[in-house]
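Colleague: Residue numbers (our numbering), protein chains in the order written: chain V, 1 to 494; chain A, 495 to 778. For reference, the structure I am asking about is given below.
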């Protein structure tokens with residue numbers, strides 16, 4: 001019954017929409033697979049097999065129906081040096097290992113770690129991705145004859161203006177067909193897909209990567225696999241969140257992690273490269289009416305049909321047409337709203353966003369960008385919370401003593417402020433420090449208190465501390481306010 | 495809590511669901527609540543734009559568009575449901591029932607029923623597809639899923655409300671069947687109605703023993719009982735019996751536990767729900 005229900009819900013509830021959306025999406029998958037295979041330094045067929053295989057497998061194993069996964073630019077950019085230094089076989093082995101790592105991540109439920117990735121980092125990631133996709137088109141444009149520029153411009157014109165005429169036909173398809181037709185009819189001497197390397201001429205076959213199974217191989221591929229796994233999961237989780245929002249339905253993040261892993265392993269065995277979810281194509285899918293698992297399956301199958309059986313025609317497609325489609329994908333992926341928000345949002349959030357973008361663009365590694373972004377947002381957060389600290393004092397015992405009251409958060413970021421709030425120059429006989437409304441979060445805080453006590457003792461004052469047990473309740477690692485119903489009130493109030 | 499919950503959606507049979515639910519609430523002397531479920535079906539796409547192009551701010555505008563569309567639909571569905579519920583509450587009150595409430599919930603019917611199960615005593619549903627309309631192959635899967643999911647009894651209403659005077663218990667001698675007979679004997683719902691206990695199949699000593707037990711249980715509870723063994727498969731014997739003796743209600747046990755078997759052969763319950771000419775009260 002469960003099986004029957006899920007079959008109906010995930011596969012058969014939106015057949016027409018899913019099939020047509022799959023067809024539209026397949027058209028947007030081909031340019032990305034071809035373009036980034038070339039960037040990664042392999043034949044287009046590696047990327048196309050990967051796209052087919054990942055899209056089909058993820059349809060069954062993924063945790064987010066309606067999301068499109070295939071060979072992506074984000075992943076291709078990570079593999080460039082691996083392919084250059086060690087060759088295709090090592091890439092296939094790295095793809096397999098990536099899949100294994102992603103499955104482990106899913107089993108360990110690492111999907112929940114996504115909550116530490118703030119909104120600003122996600123925006124930075126998306127923008128960086130869009131910029132990378134755009135930059136990847138530049139080799140086709142720089143130093144090219146004026147004809148190529150004209151064709152790209154015409155292609156973009158068709159893509160954006162044709163929908164005003166009719167929305168029943170995918171405009172990227174019209175762009176590709178028209179530009180190919182023009183190039184063939186006029187016998188233009190420009191680069192075509194056929195010039196870029198081998199295209200698939202048959203269905204993919206199972207094969208084992210031809211690499212020696214030893215520690216040395218592992219040493220070579222492990223760093224790449226780890227980065228690939230992280231980048232793939234990051235982009236997949238972010239895309240899943242976008243699809244969740246667009247369709248107002250939940251997704252299973254951990255199942256998605258495992259699903260991505262299985263899809264990558266399948267891709268590696270069929271001679272494809274590693275891939276992940278794609279933001280632009282998933283938006284296209286939702287926009288075209290794709291909602292169920294069937295849409296990803298359809299996209300993969302249509303892609304293979306088009307490439308294998310229309311291979312002769314695909315070869316004739318001018319690269320300019322694919323560049324136009326990819327420019328569209330990069331424009332659609334970029335969050336233009338974030339530019340407007342740069343001035344409106346708090347500076348710390350804008351700094352995080354821009355830093356994420358800059359690091360990615362500089363290193364071509366989305367994982368590094370996200371790492372820097374998460375680190376920065378953590379530091380900014382600690383800094384902000386560290387300012388929630390006030391130390392008041394009043395004279396006691398007719399001027400011979402002083403009573404301090406500490407209110408707020410004491411931890412590594414505020415420990416120095418905490419120490420500086422006490423007046424050690426004052427000559428007094430006794431000091432009373434009331435901590436009952438303070439929170440000590442870590443050892444640095446306890447250490448700071450010890451320092452304060454020691455300094456007062458050295459000046460000859462007797463120190464009395466009140467409320468230490470309340471203040472240090474937050475020190476324990478397993479500290480959780482949800483165990484007792486009134487815990488939150490007590491914590492805020494005491 | 496203790497309520498009759500009537501699930502209505504404004505389609506055909508809504509009035510009959512209302513009448514049967516009113517009848518049940520009166521007999522059980524419990525409050526009646528009408529439930530209207532707003533199922534938005536997010537798994538189906540409301541827009542289709544095959545242009546396949548994405549540009550400046552497509553994501554934001556798509557989110558706005560889909561959100562606005564859902565909002566418009568939900569508001570309409572909510573208003574429609576509200577009107578429907580108000581009308582039904584008035585109808586039930588007119589029929590002499592004092593404690594009548596109504597509520598609306600988001601999500602699927604089954605989810606709503608499971609959420610409300612703790613406060614319910616009996617669910618009343620209507621079928622969209624009906625034997626008399628010639629759609630015999632297909633049982634409304636909302637009804638089917640609801641019956642499979644909930645633990646409370648479910649009354650599946652039919653067209654043309656007729657106050658039940660005579661009911662048939664489809665008895666099979668199983669533990670579930672015996673429990674059902676015990677429930678019927680102790681419940682006020684069917685008190686004072688004429689009762690027929692029917693077993694389908696061949697007449698054996700075992701079957702006769704079972705039947706005698708059921709008959710005695712019901713006689714002891716003060717029912718006027720006619721017991722009989724009908725030859726043939728329950729799927730055909732029972733609807734025939736219902737017609738011949740013009741009974742107004744069929745009482746039977748729900749789905750067995752063998753899910754695989756249901757998938758392959760379909761269950762007697764499903765078939766009877768589809769072919770019964772009268773309302774069916776399904777017991778777990």
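In this text, a Cβ means the ideal position worked out from N, Cα and C, and glycines have one as well. All values reported here derive from a predicted model rather than from experimental measurement.
Using a Cβ-Cβ cut-off of 8 angstroms (strictly less than) and excluding sequence neighbours within five positions of residue 560 of chain A, which residues of its own chain qualify?
Modeller: 540 and 541
Colleague: Please report the residue range of the alpha helix (DSSP H) in which residue 125 of chain V lies.
Modeller: 119 to 141
Colleague: From the beta carbon of residue 171 of chain V, is the nearest beta carbon of chain A less than 8 angstroms away?
Modeller: yes
Colleague: Quick check on DSSP: helix, strand or coil for residue 648 of chain A?
Modeller: strand
Colleague: If you check the beta carbons only, do residue 500 of chain A and residue 515 of chain A fall under 8 angstroms apart?
Modeller: yes
Colleague: I want to know whether the stretch 559 to 576 of chain A touches the stretch 336 to 345 of chain V - three or more CB-CB distances under 8 angstroms.
Modeller: no
Colleague: What did DSSP end up calling residue 531 of chain V once you bin it into helix, strand or coil?
Modeller: Because chain V in this structure spans residues 1 to 494, residue 531 of chain V falls outside the shown range and cannot be described.
Colleague: Who pairs with residue 743 of chain A in a beta bridge, going by DSSP?
Modeller: Beta-bridge partners assigned by DSSP to residue 743 of chain A: A:661.
Colleague: Out of V:60, V:366, V:301 and V:224, point me to the one whose CA is closest to residue 255 of chain V's CA.
Modeller: Considering only V:60, V:366, V:301 and V:224, the residue with the shortest C-alpha distance to residue 255 of chain V is V:60.
Colleague: Measure the C-alpha to C-alpha separation of residue 263 of chain V and residue 570 of chain A and round it to an integer number of angstroms.
Modeller: Distance from the CA atom of residue 263 of chain V to the CA atom of residue 570 of chain A, rounded to whole angstroms, is 42 angstroms.
Colleague: By how many angstroms is the C-alpha of residue 88 of chain V removed from the C-alpha of residue 600 of chain A?
Modeller: If I take the Cα positions, the gap works out to 52 angstroms.
Colleague: Looking at the C-beta of residue 247 of chain V, does it have a partner C-beta in chain A at a distance below 8 angstroms?
Modeller: So yes, residue 247 of chain V belongs to the interface.
Colleague: In whole angstroms, what separates the C-alpha of residue 253 of chain V from that of residue 536 of chain A?
Modeller: 19 angstroms
Colleague: Check whether the stretch 167 to 177 of chain V and the stretch 20 to 38 of chain V are in contact - that is, three or more C-beta pairs closer than 8 angstroms.
Modeller: yes
Colleague: Looking only at its chain, what residues have a beta carbon closer than 6 angstroms to the beta carbon of residue 258 of chain V, apart from the 5 residues adjacent to it on each side?
Modeller: Here the set comprises 103 and 106.
Colleague: Report the partner residues of residue 404 of chain V according to the DSSP bridge assignment.
Modeller: V:393 and V:433
Colleague: Locate the beta strand (DSSP E) running through residue 528 of chain V, then write down its first and last residues.
Modeller: Given that chain V is displayed from residue 1 to residue 494, the structure contains no residue 528 of chain V and the question cannot be resolved.
Colleague: Following the continuous beta strand (DSSP E) through residue 198 of chain V, name the residue where it begins and the one where it ends.
Modeller: Where residue 198 of chain V is concerned, there is no enclosing beta strand (DSSP E), given that its DSSP letter is neither H nor E.
Colleague: For residue 290 of chain V, tell me which candidate among A:544, A:614 and A:531 has the shortest Cα-Cα distance.
Modeller: A:544
Colleague: Which word fits residue 45 of chain V, buried or exposed, when buried means at least 16 other C-beta atoms lie within 10 angstroms of its C-beta?
Modeller: buried
Colleague: Can you have a look at residue 427 of chain V and say buried or exposed, based on whether 16 or more other CB atoms are within 10 angstroms of its CB?
Modeller: exposed
Colleague: Would residue 521 of chain A pass as an interface residue toward chain V - the criterion being a Cβ-Cβ separation below 8 angstroms?
Modeller: no
Colleague: Are the C-beta atoms of residue 543 of chain A and some chain V residue less than 8 angstroms apart?
Modeller: yes
Colleague: Can you grab the Cα-Cα spacing for the pair residue 776 of chain A / residue 763 of chain A, in whole Å?
Modeller: For residue 776 of chain A and residue 763 of chain A, the gap between their C-alpha atoms comes out near 9 angstroms.
Colleague: Of all the CB atoms in chain V, is at least one closer than 8 angstroms to the CB of residue 554 of chain A?
Modeller: yes
Colleague: Using a 10 Å radius around the Cβ and a threshold of 16 neighbouring Cβ atoms, would you call residue 383 of chain V buried or exposed?
Modeller: exposed
Colleague: If the cut is a Cβ gap below 7 angstroms, which residues of chain V does residue 551 of chain A touch?
Modeller: 336 and 337
Colleague: If I follow the unbroken alpha helix (DSSP H) through residue 64 of chain V, where does it start and stop?
Modeller: Unbroken run through residue 64 of chain V: none, as it is neither H nor E.
Colleague: What does the Cβ neighbour count give for residue 11 of chain V, buried or exposed, with the cut at 16 atoms within 10 Å?
Modeller: buried
Colleague: Any C-beta of chain A sitting closer than 8 angstroms to the C-beta of residue 1 of chain V?
Modeller: Model confidence at residue 1 of chain V stands at a pLDDT of 41, short of 50, so the residue's coordinates are unreliable and nothing is read from them.
Colleague: For the alpha helix (DSSP H) that residue 260 of chain V lies in, which residues bound it at each end?
Modeller: 253 to 269
Colleague: DSSP on residue 322 of chain V, reduced to helix/strand/coil?
Modeller: Three-state result, residue 322 of chain V: helix.
Colleague: Closer than 8 angstroms by beta-carbon distance: list the chain V residues that pair up with residue 537 of chain A, in chain order.
Modeller: 9, 10, 13, 14, 65, 249, 291 and 292
Colleague: Report yes if the C-beta distance between residue 199 of chain V and residue 314 of chain V is below 8 angstroms; otherwise report no.
Modeller: Closer than 8 angstroms, so yes.
Colleague: Residues bridged to residue 192 of chain V by DSSP?
Modeller: V:318
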